[in-house]
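Asker:
2 protein chains.
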Amino acid sequence: MSETPDSAVHAVRTYIEQHRAAFLGDLAEWLRIPSVSAQPDRAGDVRRSAEWLAAKLTETGFTTVEVWETDGAPAVFAEWPSDDPDAPTVLVYGHHDVQPAAREDGWHTDPFEPTVVDGRMYARGAADDKGQVFFHTLGVRAHLAVTGRTAPAVNLKLIVEGEEESGSPHFRALVEAHAERLAADAVIVSDTGMWSETTPTVCTGMRGVADCEIELYGPDQDIHSGSFGGAVPNPATVAGRIVAALHDEHEHVAIPGFYDGVTELTDAERALVAELPFDEEAWLRTAKSHGTLGEAGFSTLERVWARPTAEVNGIGGGYQGPGGKTIVPASAQLKLSFRLVAGQDPAKIELAVRDWLAGLVPAGIRYEIVFGAPTRPCLTPLGHPALKAVAGAMSRAFDGAKVRYTREGGSGPAADLQDVLEAPVLFLGISVPSDGWHAPNEKIELDLLMKGVETTAHLWGDLPTALLATER
Amino acid sequence: MSETPDSAVHAVRTYIEQHRAAFLGDLAEWLRIPSVSAQPDRAGDVRRSAEWLAAKLTETGFTTVEVWETDGAPAVFAEWPSDDPDAPTVLVYGHHDVQPAAREDGWHTDPFEPTVVDGRMYARGAADDKGQVFFHTLGVRAHLAVTGRTAPAVNLKLIVEGEEESGSPHFRALVEAHAERLAADAVIVSDTGMWSETTPTVCTGMRGVADCEIELYGPDQDIHSGSFGGAVPNPATVAGRIVAALHDEHEHVAIPGFYDGVTELTDAERALVAELPFDEEAWLRTAKSHGTLGEAGFSTLERVWARPTAEVNGIGGGYQGPGGKTIVPASAQLKLSFRLVAGQDPAKIELAVRDWLAGLVPAGIRYEIVFGAPTRPCLTPLGHPALKAVAGAMSRAFDGAKVRYTREGGSGPAADLQDVLEAPVLFLGISVPSDGWHAPNEKIELDLLMKGVETTAHLWGDLPTALLATER
Ligand SMILES: [Zn+2]
Ligand SMILES: [Zn+2]
Chain E
1 MSETPDSAVH AVRTYIEQHR AAFLGDLAEW LRIPSVSAQP DRAGDVRRSA
51 EWLAAKLTET GFTTVEVWET DGAPAVFAEW PSDDPDAPTV LVYGHHDVQP
101 AAREDGWHTD PFEPTVVDGR MYARGAADDK GQVFFHTLGV RAHLAVTGRT
151 APAVNLKLIV EGEEESGSPH FRALVEAHAE RLAADAVIVS DTGMWSETTP
201 TVCTGMRGVA DCEIELYGPD QDIHSGSFGG AVPNPATVAG RIVAALHDEH
251 EHVAIPGFYD GVTELTDAER ALVAELPFDE EAWLRTAKSH GTLGEAGFST
301 LERVWARPTA EVNGIGGGYQ GPGGKTIVPA SAQLKLSFRL VAGQDPAKIE
351 LAVRDWLAGL VPAGIRYEIV FGAPTRPCLT PLGHPALKAV AGAMSRAFDG
401 AKVRYTREGG SGPAADLQDV LEAPVLFLGI SVPSDGWHAP NEKIELDLLM
451 KGVETTAHLW GDLPTALLAT ER
Chain G
1001 MSETPDSAVH AVRTYIEQHR AAFLGDLAEW LRIPSVSAQP DRAGDVRRSA
1051 EWLAAKLTET GFTTVEVWET DGAPAVFAEW PSDDPDAPTV LVYGHHDVQP
1101 AAREDGWHTD PFEPTVVDGR MYARGAADDK GQVFFHTLGV RAHLAVTGRT
1151 APAVNLKLIV EGEEESGSPH FRALVEAHAE RLAADAVIVS DTGMWSETTP
1201 TVCTGMRGVA DCEIELYGPD QDIHSGSFGG AVPNPATVAG RIVAALHDEH
1251 EHVAIPGFYD GVTELTDAER ALVAELPFDE EAWLRTAKSH GTLGEAGFST
1301 LERVWARPTA EVNGIGGGYQ GPGGKTIVPA SAQLKLSFRL VAGQDPAKIE
1351 LAVRDWLAGL VPAGIRYEIV FGAPTRPCLT PLGHPALKAV AGAMSRAFDG
1401 AKVRYTREGG SGPAADLQDV LEAPVLFLGI SVPSDGWHAP NEKIELDLLM
1451 KGVETTAHLW GDLPTALLAT ER
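Sequences listed follow chains E and G, in order.
With this note's numbering applied, the first sequence corresponds to residues 1 to 472, in that order.
With this note's numbering applied, the second sequence corresponds to residues 1001 to 1472, in that order.
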């Protein structure tokens, strides 16, 4: 990082200061477009959002800007090649669709009329994810301004999808269809957050997920529990026993082979997690939960970030109306999902679950199990030079603050990029937990938004050296 | 039974033969009244059914006949005192309401237009329970005719309720309100069946039932299983663990104290059960089930007749729609019921379940458990003189055939009579499994119906001696 002296930090800030007002005005314009992918009647707005972004990226200087169609909402692709033939290629991921929002959900202002109060911009999508996509437009301009370049030091690509809030149903197909054009030496996902306003962090991984539905069939119809109860197998009882067999008494997942290959946390990683100023009471409030329970031997953060899990998402069977009904139900259903961590292969997990299940279902009960499309886990090794570059650029933006590492317990389309493009995935986000993703009064802290701009302004200059180091 | 020689059997049959056509015509008239208690728009028909029966019982000779109002459908009470001041009092129980039925459910004939084909009368309620109530009208007349009496040898009472097919919601209150008028030395429930056409049997008991609903509350709302899964307790998982904890690996109920006081089957009783020509394949077809599973050490019949059980009637929690949803659910629900046998006290079972449950729910999960009104088990001791009288009368009706003993796995209002009136409950039924209770094309075998008439014609003469023996 020695090639960017303090004067560069100063120059970047000066440039950003000059363009901040126009930048925020543009962002507000984008946020006024209610690009809610989950609402069919907003499909026109999602398209308008894509076209607005495409026009703005062209204006920014991207030399190729295209709206890519999918079987759902359109994505935006943009490319700005470096003028350095040896430059590495970086692909930035984000999304331009937003969660639904309505004033009556508890918003103090119109969710699609951005409002700045006390240095915060309130609007649906301000943090998730329009603000965090948009800081790249000013970031690359600042990078050029302070380095005096006419093209970025990296081949910069952007893919901004339009269906993330609907589960990215067409994203993998899109990435596969355009794999060559999306090819990159590193992917930077711009759709996560930091630990807090005062603790800048870089996310280093997301869990994967595999999910299945299990149907259990007993009698051909609900039968009378007086006449037959106690002598025939009950599929709802079997469902309960399957659930109970998911874990042992230490809350370890008890499916044989489940932990095979798991990349265990190193002592160094555990120390980094333990360094974070974690307030379990506050975390429980966020989780709207009234107690912690998880795998023995791990802390709450380790459990949600770095440990695989088995979760019951849904269970049903028999009579669920008011009062009672004395039946042996004809069927029962289970929806299970398994969060996966680096080293776990969803295909092997599926086989392990199938084997385990076969041993649990008694004679007289027929069952079916169907798996959904899995999402692989992704993990940036702590020693990866690009990760160091991201952390370094962020530290410079945060006045030299120590940048720590977090992970994300959820799963996302980042894994599709990692899998299809075979590129390391890094995460860069400046949103904070109080930003209220998916909640009323979503906002972004404008000072942090500018730190995002600053971070990328430094990063594009730093990355070539860092990635060159990788290749050697 | 020596006081009724073979000539009595002959005399009863002759009398019945003479009155059979008129009797069947009357029954058909009653069956034309669609007294479906579960259908509010049939309330008028249920009342008409009660009034029709009351008129017919008056015509039969009962000296007191009353329609008793409840908070639901009316019941019919009738009394015909003996002219012998030492006569014991017998109360016959039945019901005049029927299950719903519609031609389009698969009936070959109009369910409310009785049709006789091949010695069977097809109609809703033919077996359950109008036919089995109605044989008492001809039975008592035959008893008088062949004994030359002007009043029965027992004080004969009838209580015929109008809501059995709706769960008898007001029956206990009715019995409590009229306990003095219903007081009896023995109750004869005329609402069960026999093993088969060729194996006459007397039912000697019904299981009781206690049921509860359990609500389990975890997070205040469904939360994201990626962000929080693996670190907070999941109420659907807890529901499954509760279900799994209901039984041990031998399918014994594992709730501490559950079996306390259970009246175990004697070797003699087990031998009697084993004597029955049980065809497990056929039984499984009736149960519409594809395998047997139950408490180790007991046969299928023992399991459903004489062993207490714990059954899951319903389970629900989290997402049950199509596809998946990666949540930790906010809540889960369980509906459990426990079949009880003689010696088990529902109040103690409730306490045992509450204690057991308290030990299963982890910190962070709040729960509620609510019990419904229990039904006690009832059991006629095999040595009871009245039971011997019933079996003896039946044997005579069945040409001296050996009468065997069964039980009923279900639970019914008989227990209310046993509890409130503190009288032994006996069961007398001539219906067979093929009669199709609650199903399309319900029918009664007319020859068996006449055996019911014959049985009571003998029984009222035999019971005084038998019950006198009890009192000594
Ligand atoms: Zn997002
Ligand atoms: Zn009935």
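Every residue gets a Cβ at the ideal spot worked out from N, C-alpha and C, and that includes glycine.
Does the beta carbon of T406(E) come closer than 7 Å to any beta carbon on chain G?
Answerer: no
Asker: In the stretch 1087-1110 of chain G, which residues sit with their C-beta less than 9 Å from some C-beta in chain E, listed in chain order?
Answerer: none
Asker: Indicate whether at least one CB of chain G lies closer than 7 Å to the CB of H10(E).
Answerer: It does not: the Cβ of H10(E) has no partner Cβ on chain G nearer than 7 Å.
Asker: Report the residues of the stretch 221-237 of chain E with a CB closer than 8 Å to any CB of chain G, ordered along the chain.
Answerer: Along the stretch 221-237 of chain E, going in chain order, the ones with a CB nearer than 8 Å to a CB of chain G are Q221, I223, H224, S225, G226, S227, F228, G229, G230, A231, V232, P233, N234, A236 and T237.
Asker: Please list, in chain order, all residues with a C-beta atom less than 5 Å from at least one heavy atom of ligand 1.
Answerer: D128(E), D129(E) and D191(E)
Asker: Could you tell me the distance, in whole angstroms, from the CA atom of A1420(G) to the CA atom of T1375(G)?
Answerer: The question names Ala, but residue 1420(G) is Val in the sequence shown. Each residue's Cα considered, the two are about 12 Å apart.
Asker: What does the Cβ neighbour count give for T1286(G), buried or exposed, with the cut at 16 atoms within 10 Å?
Answerer: Counting of Cβ neighbours within 10 angstroms places T1286(G) among the exposed residues, the total staying below 16.
Asker: Is E1164(G) near ligand 2 - that is, is its Cβ less than 6 Å away from at least one heavy atom of it?
Answerer: yes
Asker: Can you round the beta-carbon distance between V133(E) and V160(E) to whole angstroms, since I take them to be within the 8 Å contact cut?
Answerer: 6 Å
Asker: Do W1195(G) and T1380(G) have their C-beta atoms closer together than 7 Å?
Answerer: Inclusion of W1195(G) and T1380(G) in the CB contact set at 7 Å is not warranted, their separation being larger than that value.
Asker: On the DSSP bridge list, what partners appear for I1255(G)?
Answerer: The bridge partners DSSP lists for I1255(G) come to none.
Asker: Do you know how far the Cα of L284(E) is from the Cα of H290(E)?
Answerer: Cα-Cα distance, rounded: 7 Å.
Asker: So, does the CB of K130(E) fall closer than 7 Å to a CB anywhere in chain G?
Answerer: no
Asker: What is the DSSP secondary structure of T1109(G), reduced to helix, strand or coil?
Answerer: coil
Asker: State yes or no: is the beta carbon of S1289(G) nearer than 7 Å to at least one beta carbon in chain E?
Answerer: yes
Asker: Say whether chain G places a C-beta atom closer than 7 Å to the C-beta of E311(E).
Answerer: yes
Asker: Would you say T1263(G) reaches chain E, if we count a Cβ-Cβ gap shorter than 7 Å as a contact?
Answerer: no
Asker: Note down, in chain order, all residues in the stretch 1347-1378 of chain G with a beta-carbon under 9 Å from any beta-carbon belonging to chain E.
Answerer: P1362, A1363, G1364, I1365, R1366 and G1372
Asker: When you compare each of D1129(G), E1079(G), V1146(G) and W1460(G) to G1436(G) by their alpha carbons, which one comes out closest?
Answerer: The residue with the shortest Cα to Cα distance from G1436(G) is D1129(G).
Asker: Name, in chain order, the residues that DSSP records as bridge partners for Y1217(G).
Answerer: S1331(G) and R1366(G).
Asker: Are G1321(G) and A1332(G) close, meaning C-beta to C-beta below 7 Å?
Answerer: no
Asker: Can you find the residues in the same chain that come closer than 7 Å, C-beta to C-beta, to T192(E), ignoring five residues on each side of it along the sequence?
Answerer: Here T192(E) has C203, E408, F427 and G429 as same chain residues with Cβ atoms under 7 Å from its own Cβ, once five neighbours each way along the sequence are excluded.
Asker: Can the beta-carbon of A231(E) be found less than 7 Å from the beta-carbon of T1292(G)?
Answerer: yes
Asker: DSSP three-state label for I1016(G), please.
Answerer: In the three-state DSSP reduction, I1016(G) falls in the helix class (H, G or I).
Asker: Does the beta carbon of Y1122(G) come closer than 7 Å to any beta carbon on chain E?
Answerer: no
Asker: Got a sec: is the Cβ-Cβ distance from S337(E) to anything in chain G below 7 Å?
Answerer: yes
Asker: Could you tell me which whole beta strand (DSSP E) segments of length 3 or greater appear in the stretch 138-220 of chain E?
Answerer: 155-161, 186-189, 201-206 and 208-217
Asker: Anything in chain G within Cβ reach of E295(E), meaning under 7 Å, just list it in chain order.
Answerer: G1230
Asker: CB L53(E) to CB I214(E), shorter than 7 Å?
Answerer: no
Asker: Which of the residues in the stretch 1156-1188 of chain G, read from start to end, lie with their CB under 7 Å from any CB of chain E?
Answerer: none
Asker: Got a sec, what are the start and stop residues for the alpha helix (DSSP H) A1296(G) sits in?
Answerer: Note, A1296(G): premise wrong, no alpha helix (DSSP H); not H, not E.
Asker: Figure out for me which residue from P100(E), E113(E), A352(E) and L27(E) has the closest Cα to the Cα of F474(E).
Answerer: In the structure as shown, chain E begins at 1 and stops at 472. Residue 474(E) is therefore absent and cannot be evaluated.
Asker: Do you know whose CA, among K157(E), E164(E), S166(E) and E163(E), lies nearest E180(E)'s CA?
Answerer: Out of K157(E), E164(E), S166(E) and E163(E), K157(E) has the C-alpha closest to the C-alpha of E180(E).
Asker: If you compare alpha carbons, which of G1229(G), T1266(G), G1314(G) and H1252(G) is closest to V312(E)?
Answerer: G1229(G)
Asker: Leaving aside the five residues before and after V994(G) along the sequence, list all residues of the same chain whose C-beta is less than 7 Å from its C-beta, in chain order.
Answerer: A query on residue 994(G) cannot be resolved here, the shown segment of chain G reaching from 1001 to 1472 and no further.
Asker: Please identify, using Cβ separations under 9 Å, the residues of the stretch 401-435 of chain E that lie next to chain G, in order along the chain.
Answerer: E408, G409, G410, S411 and G412
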